[in-house]
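Protein sequences appear in the order of chains H and A.
Numbering-wise (my numbering), the first sequence opens with residue 311 and increments by one.
Numbering-wise (my numbering), the second sequence opens with residue 311 and increments by one.
Read through the structure below, which is laid out as structure tokens, and then see the notes.
Number of protein chains: 2
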Amino acid sequence: MQSEYNEIKVTPRILMGPGPSDVDPRVLRAMATPLVGHLDPEFLEIMNESMDMLRRLFQTNNVLTIPISATGSAGMEAAFCNVIEEGDEALICVNGVFGQRMTDVAERCRAKLTLIEADWGKIIPPEKVKSVIDKQKFKVVAIVHAETSTGALQPLEEIGRMVREHDSLFLVDTVTSLAGVPVKVDEWLIDICYSGTQKCLSCPPGLSPITFNERAMNAIRNRKSKVQSWYLDMNMIERYWGSERFYHHTAPISMIYAFHEALRIIHEEGLENRFKRHRLNASALWAGLEAMGMKLLAQEGYRAPMLTSVGIPEGIVDLNVRKKLLGNYGIELGGSLGELKGKAWRVGLMGHSSTKRNVLFFLNALASILSEEGYKIERGLGIDAANQIFNSIS
Amino acid sequence: MQSEYNEIKVTPRILMGPGPSDVDPRVLRAMATPLVGHLDPEFLEIMNESMDMLRRLFQTNNVLTIPISATGSAGMEAAFCNVIEEGDEALICVNGVFGQRMTDVAERCRAKLTLIEADWGKIIPPEKVKSVIDKQKFKVVAIVHAETSTGALQPLEEIGRMVREHDSLFLVDTVTSLAGVPVKVDEWLIDICYSGTQKCLSCPPGLSPITFNERAMNAIRNRKSKVQSWYLDMNMIERYWGSERFYHHTAPISMIYAFHEALRIIHEEGLENRFKRHRLNASALWAGLEAMGMKLLAQEGYRAPMLTSVGIPEGIVDLNVRKKLLGNYGIELGGSLGELKGKAWRVGLMGHSSTKRNVLFFLNALASILSEEGYKIERGLGIDAANQIFNSIS
């Protein structure tokens with residue numbers, strides 16, 4: 311019998327939105343490896359190697375450093391629900407959608423919340439955190455490293471020291487930053503750190519890398535109540551990923567194959583080279599966009615190289631441009647969320663998508679489309695400015 | 311730079327444990343399709359087709375019929391945490407590990423629990439359910455269709471009618487049964503039903519198909535408190551899978567490609583053919599095992615064709631046999647969980663793994679290994695009995 315639906319056919323895309331990013335064909339190929347069981351000795355070895363490579367990416371020695379079997383948002387939930395018990399005090403820094411999401415998640419864990427807010431696109435000033443934690447004790451202080459809704463890159467080191475001095479747990483979202491800029495979990499005194507696979511790791515969405523240090527694990531082991539999520543309970547997940555290999559849930563085998571290969575590619579390139587590549591391509595993109603008269607929204611000096619928020623010029627209709635980019639060029643560009651919706655685009659240069667070719671291709675395509683849409687611009691300005699950056703370093 | 315780890319190499323396996331099952335190469339190939347964005351019009355179409363094919367598999371018209379972005383255990387959690395609020399009364403039927411897990415999950419949702427228990431391997435008698443719900447009102451009555459820890463297959467129709475008469479929500483785990491035996495969500499008056507992809511659907515682990523009818527959705531929409539899991543909150547997930555396409559979390563694109571292809575394969579074969587194939591291969595396996603003097607543990611007349619629990623003969627050491635099966639034949643067999651640990655094996659004939667070839671291959675391999683291990687047996691008995699079944703229908 312024929313199914314009435316055809317096999318999947320997709321048009322080739324260049325993924326330059328806020329994620330997923332393009333995936334190296336090696337990762338796709340690894341993912342298509344035939345399955346073994348989730349307790350197969352060969353699979354256990356793949357798990358061990360993945361943990362080791364993930365530790366080096368997070369720059370940590372934490373034993374519990376694993377991919378959670380769900381996407382980055384589940385990592386956020388796992389981070390909060392394991393350490394928060396009813397009535398615990400949590401301080402959450404909010405300067406975009408993902409900080410807001412933290413408050414929603416923490417509230418559902420029955421935390422008592424205190425917020426520090428900053429304008430979207432601006433960072434949270436460390437002294438603001440200091441003034442709050444000097445007055446009140448918190449179990450958890452949470453912050454987003456690279457705010458995916460704005461492209462602001464938050465400095466963490468100083469806040470990490472202050473939080474440790476106050477003996478709170480420092481919980482950091484690195485969904486967008488990990489593998490694109492340094493994330494030094496141990497050096498920066500981060501206690502709980504989670505990420506996603508579909509941004510700078512350039513692995514398909516579906517896993518959430520996470521790491522807990524001993525301080526965090528002690529908080530979890532000494533809970534009075536059970537973790538409210540069975541699926542994300544680290545007390546049990548630790549026993550599967552650790553030497554005990556106790557069955558918890560069936561691991562997503564194929565996704566972990568992909569994850570293993572994505573990590574191999576990252577360490578082949580080398581972390582420093584990878585961060586440099588992200589910085590260079592972002593600098594060229596920024597120079598190009600600014601030469602075209604467009605405005606970068608994240609605070610200068612604190613821009614995340616993997617995700618750029620740029621204002622939509624007056625009179626230009628968001629969706630018209632994005633539809634043309636996708637339809638005529640196969641380029642996926644991100645719209646914006648929350649208060650920036652319709653006012654800004656988000657350009658991703660993440661992992662495998664962060665290439666000189668993509669920067670040049672995108673700037674040319676955008677210049678053409680903006681001209682068609684009536685934006686007055688001399689076509690070559692953007693590409694010339696970008697090329698100047700590329701040429702200056704070669 | 312070279313990574314110190316090599317690319318993944320795995321030994322070919324025949325997956326005959328309790329899941330994952332073998333995956334059709336077509337599914338692996340579909341999974342390796344290059345990524346598009348999770349809001350790409352082409353991806354939205356793939357989502358729509360997947361929902362449609364999943365509805366036909368669940369035999370339901372429920373609008374909210376989707377794969378959750380995490381494995382089957384997260385499906386269990388989503389089922390409970392969306393409808394249960396603190397203090398709600400839940401009746402849970404327990405005759406194995408997954409019924410027990412339900413009690414743990416429901417407790418973490420702060421339900422008040424009442425249990426109906428049966429011996430492992432036995433079904434829950436419908437009249438037992440009746441006697442309890444006649445006396446007390448429950449918000450939810452939960453039961454496992456095919457108990458993966460024992461291989462017992464629970465009849466649902468009568469219980470479904472009783473639960474509806476009492477105006478409770480009927481919550482059913484079909485992780486192991488779906489796509490191997492009929493699961494008639496609408497006809498059996500099931501309100502909430504979840505499954506996993508890695509058993510009879512023969513798609514890699516990583517998603518949990520789930521369906522909620524209008525009665526269940528009304529309970530969710532009329533909650534007094536927020537769903538405690540942000541990641542699994544159906545109020546929000548419904549808005550992404552529905553026409554609104556509201557961003558919630560990044561969908562696991564590649565897994566959904568695989569899911570789409572696995573569903574296509576299921577409907578090409580046709581549900582009735584697929585169920586018949588599972589029954590036939592199980593009958594042959596059972597005849598073979600019994601001819602070898604081994605004991606099937608699930609109650610006669612209520613055995614799940616996709617998962618067979620068989621007692622380990624006296625004097626035979628569980629792990630010795632499973633290691634030889636894996637090492638010499640590449641066959642993965644399941645050990646047992648909970649009170650059956652070390653006393654029984656679990657033989658899976660799920661989805662793509664349910665073939666005549668696998669039955670014959672396995673019975674021969676098992677006979678050889680058991681002989682080596684000192685179990686007195688005439689080698690050909692099992693295979694002859696199985697062949698008799700196969701020949702009788704051809």
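The beta-carbon is built from N, C-alpha and C at its ideal position, and this holds for glycine as well.
| Check | Outcome |
| --- | --- |
| Reference M616(A), options L650(A), K651(A), N638(A), G658(A), closest by Cα | G658(A) |
| Separation of G409(A) from A384(A), as counted between CA atoms | 15 Å |
| Which listed residue (I530(H), T560(H), H558(H), S512(H)) has its alpha carbon closest to that of I576(H) | S512(H) |
| Near-chain H residues of the stretch 370–384 of chain A - C-beta to any C-beta below 8 Å | S379, A380, T381, G382, S383, A384 |
| Amino acids of chain A, ordered along the chain, whose beta-carbon sits closer than 8 Å to that of R339(H) | A342 |
| Segment contact flag, the stretch 596–607 of chain H with the stretch 386–395 of chain H, C-beta cutoff 8 Å, min 3 pairs | no |
| Inter-stretch contact (C-beta, 8 Å, three-pair minimum) for the stretch 536–552 of chain H and the stretch 323–334 of chain H | no |
| Close beta carbons around L466(A), own chain, < 6 Å, minus the five adjacent residues each side | W498 |
| C-beta contact flag for N506(H) and H588(H) at 7 Å | One point to set straight first is that residue 506(H) is Gly, not Asn, in the sequence displayed. No; because the gap between Cβ atoms is not below 7 Å, this pair is not in contact. |
| Validate contact between the stretch 371–384 of chain A and the stretch 427–434 of chain A using beta carbons, cut 8 Å, 3 pairs | no |
| Cβ pair I530(A), A340(H) closer than 7 Å | no |
| Contact under 7 Å by Cβ, C503(H) with V482(H) | yes |
| C-alpha gap between I703(A) and G640(H), whole angstroms | 54 Å |
| Same chain, Cβ closer than 7 Å to E359(A), five either side skipped, listed in chain order | H570 |
| Ranges of the alpha helix (DSSP H) found wholly within the stretch 577–612 of chain H, counting only runs of at least 4 | 581–601 |
| Limits of the unbroken alpha helix (DSSP H) element including P351(A) | 351–368 |
| For L466(H), the three-state DSSP class (helix, strand or coil) | coil |
| DSSP state of K438(A) mapped onto helix, strand, coil | helix |
| Close beta carbons around W551(H), own chain, < 8 Å, minus the five adjacent residues each side | M357, M361, L374, I376 |
| For A675(H): DSSP bridge partner residues | The partner list for A675(H) (beta bridge, DSSP) is empty, contrary to what the question assumes. |
| Three-state class that DSSP yields for C391(A) in the structure shown | helix |
| Short CB-CB distance (under 7 Å) between G516(A) and chain H | yes |
| Contact residues within the stretch 640–659 of chain H, judged by C-beta distance below 9 Å to chain A | E642, G644, G645, L647 |
| Cβ neighbours of R336(A) in the same chain (closer than 6 Å, five flanking residues each side left out) | E571 |
| Min CB distance P562(A) to chain H below 7 Å | yes |
| Below-7 Å beta-carbon distance, Y705(H) vs any chain A residue | Look at the range of chain H in this structure, 311 to 704, and you will see that residue 705(H) is not part of it. |
| Closer than 7 Å to chain H by CB, E387(A) | yes |
| Residue nearest to E399(A) in terms of C-alpha spacing, selected from T370(A), D496(A), K422(A), R411(A) | K422(A) |
| Alpha-carbon spacing of L573(H) relative to E579(H), whole angstroms | 10 Å |
| Burial state of T331(H) (16 or more Cβ within 10 Å) | Checking the sequence, you will find Ser at residue 331(H) rather than Thr. Per the 10 Å Cβ criterion, buried. |
| Under 8 Å by beta carbon: chain A residues contacting H348(H) | P330, P515 |
| Euclidean distance between Cα positions of I687(A) and S681(A) | 7 Å |
| Proximity test, Cβ basis, 7 Å: S539(A) and chain H | yes |
| Test: E395(A) CB closer than 7 Å to a CB of chain H | no |
| Y567(A): contacting residues in chain H (beta-carbon distance under 8 Å) | I318 |
| Entirely enclosed beta strand (DSSP E) segments - the stretch 640–690 of chain H, minimum 3 residues | 641–643, 654–658 |
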